[in-house]
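A quick write-up on the structure given underneath.
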Amino acid sequence: MAVASLTVEGIAKAFAETRAVRELSLEAAPGEVIGLLGPNGAGKTTAIRVLTTIYAPDSGSFAVDGIPYSRPNVIRQRIGVLPESAGYPLQQSGEEFVQYFARLFGHSRRSARETAETLLAEVGLAERAASPIATYSRGVRQRLGVARALVNAPRVLFLDEPTLGLDPAGQRQILALISEVARERGTTVILSTHFLDEVEEVCSRVIILNRGEVIAEGPVADIKRRAAPRTARVRVPEEMHESAVSALKRAPGIAGTPAINGARGLISASLDGLDASGKAGNSAICALLEAGIPIVSFEVEGGKLSDAFLALTGEVGE
Amino acid sequence: MTTLAQGEVRQESALQPPAEAGAGWLVIAGQELRDIWLSVRGPAIVFGTSLLLSLLTYLAASNEELNIIDQRDTVNLVAQITMALAVAVILLFTADCLSGERERETLESLLVTPVPRRQIALGKYLAAFSLWPVLLIVAVPYIWVLREGEGVFADAMLGTLVVGTLLVTGFASLGLLVSVFSGSNRLSLAVAFFIFVLLLAPTQLPLGGWFGDLIVQINPMTAGSTFLHRVIVKEHGWGEDLDLLIAPVVWAIAVTAVAFIAAGRLRLQGSFGR
Numbered sequence: 003m004a005v006a007s008l009t010v011e012g013i014a015k016a017f018a019e020t021r022a023v024r025e026l027s028l029e030a031a032p033g034e035v036i037g038l039l040g041p042n043g044a045g046k047t048t049a050i051r052v053l054t055t056i057y058a059p060d061s062g063s064f065a066v067d068g069i070p071y072s073r074p075n076v077i078r079q080r081i082g083v084l085p086e087s088a089g090y091p092l093q094q095s096g097e098e099f100v101q102y103f104a105r106l107f108g109h110s111r112r113s114a115r116e117t118a119e120t121l122l123a124e125v126g127l128a129e130r131a132a133s134p135i136a137t138y139s140r141g142v143r144q145r146l147g148v149a150r151a152l153v154n155a156p157r158v159l160f161l162d163e164p165t166l167g168l169d170p171a172g173q174r175q176i177l178a179l180i181s182e183v184a185r186e187r188g189t190t191v192i193l194s195t196h197f198l199d200e201v202e203e204v205c206s207r208v209i210i211l212n213r214g215e216v217i218a219e220g221p222v223a224d225i226k227r228r229a230a231p232r233t234a235r236v237r238v239p240e241e242m243h244e245s246a247v248s249a250l251k252r253a254p255g256i257a258g259t260p261a262i263n264g265a266r267g268l269i270s271a272s273l274d275g276l277d278a279s280g281k282a283g284n285s286a287i288c289a290l291l292e293a294g295i296p297i298v299s300f301e302v303e304g305g306k307l308s309d310a311f312l313a314l315t316g317e318v319g320e
Numbered sequence: 243m244t245t246l247a248q249g250e251v252r253q254e255s256a257l258q259p260p261a262e263a264g265a266g267w268l269v270i271a272g273q274e275l276r277d278i279w280l281s282v283r284g285p286a287i288v289f290g291t292s293l294l295l296s297l298l299t300y301l302a303a304s305n306e307e308l309n310i311i312d313q314r315d316t317v318n319l320v321a322q323i324t325m326a327l328a329v330a331v332i333l334l335f336t337a338d339c340l341s342g343e344r345e346r347e348t349l350e351s352l353l354v355t356p357v358p359r360r361q362i363a364l365g366k367y368l369a370a371f372s373l374w375p376v377l378l379i380v381a382v383p384y385i386w387v388l389r390e391g392e393g394v395f396a397d398a399m400l401g402t403l404v405v406g407t408l409l410v411t412g413f414a415s416l417g418l419l420v421s422v423f424s425g426s427n428r429l430s431l432a433v434a435f436f437i438f439v440l441l442l443a444p445t446q447l448p449l450g451g452w453f454g455d456l457i458v459q460i461n462p463m464t465a466g467s468t469f470l471h472r473v474i475v476k477e478h479g480w481g482e483d484l485d486l487l488i489a490p491v492v493w494a495i496a497v498t499a500v501a502f503i504a505a506g507r508l509r510l511q512g513s514f515g516r
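In order, the protein sequences belong to chains D and C.
Heads up: take any position in the first sequence, counting from 1, add 2, and you land on the working numbering.
Heads up: take any position in the second sequence, counting from 1, add 242, and you land on the working numbering.
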């Protein structure tokens, strides 16, 4: 593994009686996209504000690109941030806006102009660069915000709810952009979001926060397996329930003893989830067919990040 | 662009940032100056001031029936009005400069740049301050037209420049100070303007006795205004009333120092009025 671009060790932040973030630790490699998940008030924005030097941590420490948090001005040279509620000077054009921030990061006038031109082209705003921001839709403004966050070629990019309020097309554009930034620039991306589909699509790892506490952390597949095991729900003719249970017990990939739900006539079998490709489900179907048991219906439940999220946070739904 | 495997770092980039951020205050001041002077705000203030001074000068210079005050008094009035207007306008600009960014949700993006907090404040302060020399220049032709006797023009201009610069420095810093801590723009503007009115009011009152003298001496507005009146109208020499400049000097230095110390502690959320 290359040198970590972000190392966080047990940071905590409280406001009066509220402990917004408790003991958050993580290590991120260049090019990695890490999802920061959690319901409203989980502490995602506070965690990002601590890591972007807006708030000082109450305890713990972190380093960006090896620079300790005690040197915030140097850290700011190495990070890019798209805040949750980023306002824009509506009278400025997109190119003026990006150029201004490039200059704040120390680019010369000429270099700022070139940087703005390159970045606006990368986020697909080359044609609208000269238009006032007031004429931009929310999705276009978010893409502009990503361009602005990249003016210093950051080692770590923090995106706080970048797709909030966007239509599906706008969401797709932003997600594609995030993947591209991580893949092509080697930038570490910390993506805070409510939208679980987004995390499944672009993140290699996920951290789930609830009431300021990390309740799960790891690769997306691991979290899903640990928190939301997949279950096969099989319906077979009632007189064949016992033989179906025996057949399923012998099938590879079935964990424990399948249970018969008498009232609904369904057999539930836990798939061990070791394979993401659904082979455990296939082997269950094969075992039933080989035993000569006709399958009336077969469904697989669970195994989604949303199931894991709900199971871990106890939320009714986002 | 080539695709990198996870963990690899791009060695060369077309967008390599400079190793160190430059003079951020200069960049911020430049942007703010464009915002003031290339928008409606700056030119509108200049136009409004010109209109007011034109009206005053026209009445004083052409209408003998309405021209009930001495020419020197009129010059003093133009100087005082220019100064008070500049102080009020610049105070409102600086009171808005940070709390306004907070309210428009643009402050966070600024705080995550490597520009130190004090430089952010300095850039905005200097841009707001630019109104003062412009308004002073606007007053020049009016004072020239109204001048009477040798040396009035020079005394009026120099006196307005000195006293006005001291007062504008202090009040601009006051606005900045309030803006650093205010969570709401409306509150920031209200508090700053209230303090301005509180200090301006005694200049319009007939102050007498030891208490009146004390107020004149310690209130930077009354002290500055009285100094200007004595130089322009009473034709006092500059050295005669230097004690009247103590309050404006102390005001300018003290408030500016406090404002810029506080600016180093600029936070995303204000301390009051959230």
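We put the beta carbon where it would ideally sit given N, CA and C, even for glycine.
Find the residues of chain D that neighbour S281/C, judging by a C-beta separation of less than 9 Å, and give them in chain order. Q93, listed in chain order.
Which residues of the region 69 to 92 of chain D have a Cβ closer than 8 Å to any Cβ of chain C? Give them in chain order. Residues of the region 69 to 92 of chain D whose Cβ lies closer than 8 Å to any Cβ of chain C, in chain order: N75, V76, R78, Q79, I81, V83, P85, S87, A88, G89, Y90 and P91.
State yes or no: is the beta carbon of R105/D nearer than 7 Å to at least one beta carbon in chain C? With 7 Å as the cut-off, R105/D counts as an interface residue toward chain C.
Sorted by chain position, which residues of the same chain lie with C-beta nearer than 7 Å to A505/C's C-beta, five sequence neighbours on each side aside? R359, R360, A363, L418 and V422.
Which residues DSSP lists as bridging D162/D, in chain order: In the DSSP secondary-structure assignment, D162/D is bridged to S194/D.
Under 7 Å, CB to CB, which of the residues in the region 353 to 376 of chain C have a partner in chain D? The residues in question are L353, V354, T355, P356, V357 and P358.
Using 7 Å as the limit for Cβ to Cβ distance, is L246/C near chain D? Confidence at L246/C is low in this model, with a pLDDT of 41, below 50, so the placement of that residue is unreliable and no value is reported for it.
Closest to S61/D by CA distance: which of E34/D, K15/D and N42/D is it? The shortest Cα separation from S61/D among E34/D, K15/D and N42/D belongs to K15/D.
Around the Cβ of L408/C, are there at least 16 other Cβ atoms within 10 angstroms (buried) or fewer (exposed)? In summary, L408/C is buried, with 16 or more beta-carbon neighbours lying within 10 Å of its beta-carbon over all protein chains present.
Quick one: is A499/C buried, meaning 16 or more other Cβ sit within 10 Å of its Cβ, or exposed? With fewer than 16 Cβ atoms within 10 Å of its Cβ, A499/C is classed as exposed.
Under 8 Å from the C-beta of Y102/D: neighbouring residues of chain C: Correct list: V269 and Q273.
Under 7 Å, Cβ to Cβ, is there at least one residue of chain C near T54/D? With 7 Å as the cut-off, T54/D counts as an interface residue toward chain C.
Between L250/D, A136/D and L198/D, which has its C-alpha nearest A310/D's C-alpha? The shortest C-alpha separation from A310/D is found at L198/D.
Which of helix, strand or coil does DSSP assign to A218/D? It is a strand residue.
Every unbroken alpha helix (DSSP H) within the region 27 to 67 of chain D, with a cutoff of 4 residues, ordered by chain: If only uninterrupted alpha helix (DSSP H) runs of at least 4 residues are considered, those enclosed by the region 27 to 67 of chain D are 46 to 53.
For E186/D, which three-state DSSP category applies? Helix, per DSSP.
Three-state secondary structure (DSSP) of R21/D: The answer is strand: DSSP assigns R21/D an E or B state.
Contact set between the region 332 to 355 of chain C and chain D, restricted to residues whose Cβ is under 9 Å from the partner: Listed by position along the chain: E343, E345, R346, E347, T348, L349, E350, S351, L352, L353, V354 and T355.
Of the listed residues L307/D, P91/D, A286/D and I77/D, nearest to S299/D (C-alpha basis): The candidate whose alpha carbon is nearest that of S299/D is A286/D.
Looking at the secondary structure, which residues open and close the beta strand (DSSP E) in which E303/D lies? S299 to E303 is the span of the beta strand (DSSP E), which, as asked, contains E303/D.
Spatial neighbours of E25/D within its chain, please: C-beta separation below 8 Å, excluding the five flanking residues on both sides. Contacts found: G12, I13, A14, G62, E215 and V216.
By the three-class DSSP mapping on this structure, what secondary structure does L416/C have? It is helical.
Between I474/C and V317/C, is the Cβ-Cβ spacing less than 7 Å? By the CB criterion at 7 Å, I474/C and V317/C fall inside the cutoff.
Quick check: the region 189 to 204 of chain D against the region 29 to 48 of chain D, are at least 3 beta-carbon pairs closer than 8 Å? Contact between the region 29 to 48 of chain D and the region 189 to 204 of chain D is present, with at least three C-beta pairs closer than 8 Å.
Return the CA-CA distance between R237/D and Q511/C, expressed in angstroms with no decimal places. Put simply, the backbone Cα of R237/D is about 58 Å away from that of Q511/C.
Measuring CA to CA, which of I287/C, L440/C, R344/C and W267/C is closest to L327/C? Looking at I287/C, L440/C, R344/C and W267/C, the one whose alpha-carbon comes closest to that of L327/C is I287/C.
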